[in-house]
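A.B. asks: So the sequence lines, in the order shown, correspond to chains A and B. Our numbering applies: residue 44 is where the first sequence begins, and numbers increase by one. Our numbering applies: residue 4 is where the second sequence begins, and numbers increase by one. One structure coming up, written as structure tokens, with questions to follow.
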Amino acid sequence: MSAVPVIVDSLVKAYKLGRVEVQALRGINLKVEAGGMVSIIGPSGSGKTTLLNILGGLDRATAGNVHIGNTVLTDLDPTKLVYYRRQIVGHVFQTLNLIPTLTAAENVELPMMAAGTPRGTRSARTKELLGIVGLADRHDHKPDELSGGEPHS
Amino acid sequence: MIFTVALTLLAIYSPARAAASMDPAKALREYVYLEDTRSSKKRGAIIAFSLGLYKLIILLLGINFQNISRFLFGVNFLFAIVLIILAILDFGLNIIGPFLFLYGATQLSTGLAIRFHKRFASLSKRLVGDIASLASKSVFRNPRRVTALVFLVALIAGYSIWVIGDLASVQDYNVRQAEVAVGSDLHASGRVPLNLTYPVLVANQLRTWNNITGATPEFDTSVTLSSRAGFLQVKAIDPPTWRQGAYYETDWFGGNIEADFQNLQSNTQSIVLDRGVASYYNILQGGTVSANQTVNLTVINFFGPDYSQQSSGQPFGFSYFQPEGWSFVPLSLVSQYPTLFSGSGSVLVKARPGVSLTDLAASIQKVYPSLTVSTAQDYTQGGVPVVSNAPQASAQSAGAVIASGTQNVLRLGTVFAGLAASIGIGAVAYTGFKEREKETTMLAVRGLSYKQMLGLLVTEVLPLVIFALILATTVGLITVRGDSLAQNSLNPSYASLLAPRRVVFPLWASENILAIIGLLFLGVFLPAITAARKDLSKMSRTVRFA
């Protein structure tokens, strides 16, 4: 898939904590050009993860719009969001969030399995991706057998 | 209650101890799934399996140690002691034997279960794709939980098949014994011995009734066969109508039943001879016997079981044989020689399915007040009380109600056991899924759809349930068959030899068992459906904080 711009328009996210409503995002506007790279910096609790979760299709906005290329992310139904997470966006979490029973190669292969990619193609692509991050020789290691930084690769 | 509390304590003790002994640094860094890699206790499992297997073999062979007294006389003293020890062991294993087998088998067959699971997963790939192959990896991280789940399902399903199968088998046996005793659904006889004319007339009239499918006259008499045997019970029957009006089982008649009845009809001087008599006196098919030393009858076939070995003996050097069964001759023989045969006529009646025998008996009684009508229900213990002229009817009715109530309680008990097992399996499955919520959420994040997630979770648990059901069905059927054989060996009367207890699963029994299996499957599917559904707000929280 080619690079697409990301446009965030008046994004609001409010959580209910008991009877209290907490506004994590209050009308955020953001524009990232296609192929651009952006760092989001802020104090703890300022809404960075909330914003990324919405951009990653892991959370719903309370108000506002997010455009990923021609797609209005905030309008997608759950089924389309599954496709979005599987085909378009990738996630690297603060915590490892890998599947502990699967090897490094299987963890990489998982989204392709979900997408129904044929085994041969999957295997070649997994090899290529692990090679890029220098984990080709660790492909059959499980997450807890990798060193501290390796799982983030 | 105590059992539940004990189970709960056992269930939480092990994980709590494991969590307390975790490496804090590792636990704080990331989500850690505690794999329970301890092997199950082999020694206890082997003992349980061996005892259970011994009991199942005994059941398969139909050996009943309640008959031990028959074998104790005349055997070696040491052998007698061994037999007594085996009888005591068998008594103890009567109830728990099959369960010990299931426990041992589930504990020892983890390897087999893994192979079965992988094979099932490879089959379900066609439905849910390659994702299915991940199922076996997840589920066998906790072999003790797997064996607990398999044992729980096998225990309840096996117990249900056993109890329901035994109930159905006993009920079938009681009904057939009653039909054998009565001769059909209803039996109408005179208050004084009837000659042939009136039963033939009544049968002809009853055949026109809407709630009757068949009626046939019968004449019970006895004859002497040459000088060889004592009195032989004989039923003179009307070949064209007998099979519609009387109760019989096809395998009671050796060979071609159609040809036998045609021969009986066409040849007045023919007999279907009691097999026990034929066997004891070595009378062959096609041979002749002399009835009351007057009429020669051609033996066209044999009837019933060969009991000659059981009814004969040689006490004090004298051999004896007691005929217990009966033979069939055509009614035309009795008509032809009316002075030769003394006995009593009656009418056998088959009711249309669903018709109350009580009501039908009352109707026949009303139209033919000179007849006494008895029904098969009078003889069954699980039936509904009937109106009849028999003075013992009220006493039998009370017994019937109690027996019926006990059977219903047992049936209800199995359904409740199924419901409890379903909740238990659901709880085990749900706990397992809940424990791995982070993992399943990550699978959703990686792009697994709801359908794929459901397929994966079901593939994790379903093969275990199917494996357990195969185990339970095998054990349940062996137990039901063993119980039937054991009872048959305990009660070697002629009627029991003729219509022995057998393994049957009528519609109600199959429905009960299927309902319980359905509940067990529900216990698997419902938690999977719940766990596969990933709410978006919950998903973001899980990946952030878990």
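Don't be surprised by glycine CBs; every beta carbon is placed ideally from N, CA and C. Treat the numbers as computed from the prediction; the structure is a model and nothing was measured.
Please list, in chain order, all residues of the same chain as A393 (chain B) whose beta carbon is under 7 Å from its beta carbon, the five residues on each side excluded.
C.D. replies: Residue confidence is low: A393 (chain B) scores 32 on pLDDT, short of 50, so the model does not pin down where it sits. No coordinate-derived value is stated.
A.B. asks: Can you tell me the Cβ-Cβ gap for A447 (chain B) and K537 (chain B), rounded? I've got them flagged as a contact below 8 Å.
C.D. replies: 4 Å
A.B. asks: Leaving aside the five residues before and after A398 (chain B) along the sequence, list all residues of the same chain whose C-beta is less than 8 Å from its C-beta, in chain order.
C.D. replies: Unreliable positioning characterises A398 (chain B) in this predicted model, as indicated by a pLDDT of 36, which lies under 50. The coordinate reading is nonetheless provided below. Around A398 (chain B): no qualifying Cβ.
A.B. asks: Note down, in chain order, each residue of its chain lying with its Cβ closer than 8 Å to the Cβ of E64 (chain A), except the 5 sequence neighbours on either side.
C.D. replies: So the list reads A57, Y58, once near-sequence residues are dropped.
A.B. asks: For V205 (chain B), I'd like the list of residues in its chain whose CB is within less than 8 Å of its CB, leaving aside the five on either flank, ordered along the chain.
C.D. replies: A191, A218, P220, V350, Y371, L374
A.B. asks: Who are R69 (chain A)'s beta bridge partners in DSSP?
C.D. replies: A:V55
A.B. asks: If you draw a straight line from the C-alpha of N72 (chain A) to the C-alpha of A157 (chain B), how long is it?
C.D. replies: 60 Å
A.B. asks: Is it buried or exposed for K238 (chain B), if we count other Cβ within 10 angstroms and need 16 for buried?
C.D. replies: buried
A.B. asks: Counting contacts by CB-CB distance shorter than 7 Å, is T12 (chain A) in contact with chain B?
C.D. replies: Outside the shown range of chain A (44 to 196) lies residue 12 (chain A), about which nothing can therefore be said.
A.B. asks: What residues from the region 436-466 of chain B come within 8 Å of chain A, judged by C-beta to C-beta, listed N to C?
C.D. replies: K441, E442, M445, L446, A447, V448, R449, G450, L451, S452, Y453, Q455
A.B. asks: Would you tell me roughly how many angstroms separate the C-alpha atoms of S391 (chain B) and L189 (chain B), rounded to the nearest one?
C.D. replies: With a pLDDT of 29 at S391 (chain B), under the threshold of 50, the modelled position of that residue is not reliable, and no figure is offered here.
A.B. asks: Sort out for me which residues DSSP pairs E64 (chain A) with in a bridge.
C.D. replies: DSSP lists A:K59 as the bridge partner or partners of E64 (chain A).
A.B. asks: Between which residues of its own chain and S487 (chain B) is the CB-CB distance below 7 Å, once the five residues before and five after are set aside?
C.D. replies: S172, R504, R505, V506
A.B. asks: Can you list, in chain order, the residues of its chain whose CB lies under 6 Å from that of H134 (chain A), leaving out five sequence neighbours each side?
C.D. replies: G99
A.B. asks: Would you kindly report the start and end of the unbroken alpha helix (DSSP H) that includes W165 (chain B)?
C.D. replies: 146-185
A.B. asks: By DSSP's criteria, H190 (chain B) is part of a beta bridge. Which residues make up the other side?
C.D. replies: B:L351, B:S377
A.B. asks: Relative to the C-alpha of K58 (chain B), which candidate in B:A83, B:N79, B:A90 has its C-alpha closest?
C.D. replies: B:A90
A.B. asks: Is there at least one non-hydrogen atom of the ligand COA closer than 6 Å to the beta-carbon of F305 (chain B)?
C.D. replies: By its list of ligands, the structure shown contains no ligand whatsoever, and the ligand COA lies outside what it can speak to.
A.B. asks: F528 (chain B) lies in the alpha helix (DSSP H); which residues open and close that run?
C.D. replies: 510-535
A.B. asks: Alpha carbon to alpha carbon, how far is L105 (chain B) from L126 (chain B)?
C.D. replies: Rounded to the nearest angstrom, the gap between the Cα atoms of L105 (chain B) and L126 (chain B) is 26 Å.
A.B. asks: Check distances from the C-beta atoms of the region 123-139 of chain B to those of chain A and list, in chain order, the residues that come in under 9 Å.
C.D. replies: Within the region 123-139 of chain B, the residues whose Cβ lies closer than 9 Å to some Cβ of chain A are G132, D133, I134, S136, L137, listed in chain order.
A.B. asks: Measure how close the beta-carbons of V298 (chain B) and Q272 (chain B) come, nearest whole angstrom, since I'm counting them as under 8 Å.
C.D. replies: 6 Å
A.B. asks: For S543 (chain B), go through chain A and note every residue whose CB falls closer than 7 Å to its CB, in chain order.
C.D. replies: N96, L101, D102
A.B. asks: Are the CB atoms of G161 (chain B) and G479 (chain B) nearer to each other than 7 Å?
C.D. replies: yes
A.B. asks: Listed in chain order, which residues of the region 71-88 of chain A have Cβ atoms closer than 7 Å to some Cβ of chain B?
C.D. replies: For the region 71-88 of chain A, which is checked against every Cβ of chain B, not one residue is closer than 7 Å.
A.B. asks: Anything in chain B within Cβ reach of A158 (chain A), meaning under 8 Å, just list it in chain order.
C.D. replies: G450
A.B. asks: Quick check on DSSP: helix, strand or coil for G217 (chain B)?
C.D. replies: strand
A.B. asks: Can you give the Cα-Cα distance for I60 (chain B) and F80 (chain B), rounded to whole angstroms?
C.D. replies: 25 Å
A.B. asks: For V65 (chain A), go through chain B and note every residue whose CB falls closer than 7 Å to its CB, in chain order.
C.D. replies: Neighbours of V65 (chain A) on chain B: none; closest Cβ ~13 Å, over 7 Å.
A.B. asks: Taking a Cβ distance cut-off of 9 Å, strictly less, list which residues of the region 147-162 of chain B are near chain A, in chain order.
C.D. replies: Within the region 147-162 of chain B, contact with chain A at the beta-carbon level (separation under 9 Å) is assigned to no residue.
A.B. asks: For K45 (chain B), which residues in the same chain have their Cβ closer than 7 Å to its Cβ, ignoring the five residues on either side in sequence?
C.D. replies: Contacts found: none.
A.B. asks: Identify the contact partners of V176 (chain A) in chain B, using a Cβ-Cβ distance below 7 Å as the criterion.
C.D. replies: By Cβ distance, chain B contributes nothing, its closest Cβ being about 17 Å from V176 (chain A), past 7 Å.
A.B. asks: How big is the Cα-Cα spacing for P161 (chain A) and E171 (chain A)?
C.D. replies: 16 Å
A.B. asks: Applying the 10 Å Cβ sphere with the 16-neighbour rule, what's the burial state of W329 (chain B)?
C.D. replies: buried
A.B. asks: Quick one, which of B:S269, B:F264, B:A531, B:V483 has its alpha-carbon nearest A512 (chain B)'s?
C.D. replies: B:V483
A.B. asks: Which residues of the region 111-136 of chain A have a Cβ closer than 8 Å to any Cβ of chain B? Give them in chain order.
C.D. replies: P121, T122, L124, V125, Y126, R128, R129, Q130, H134, F136
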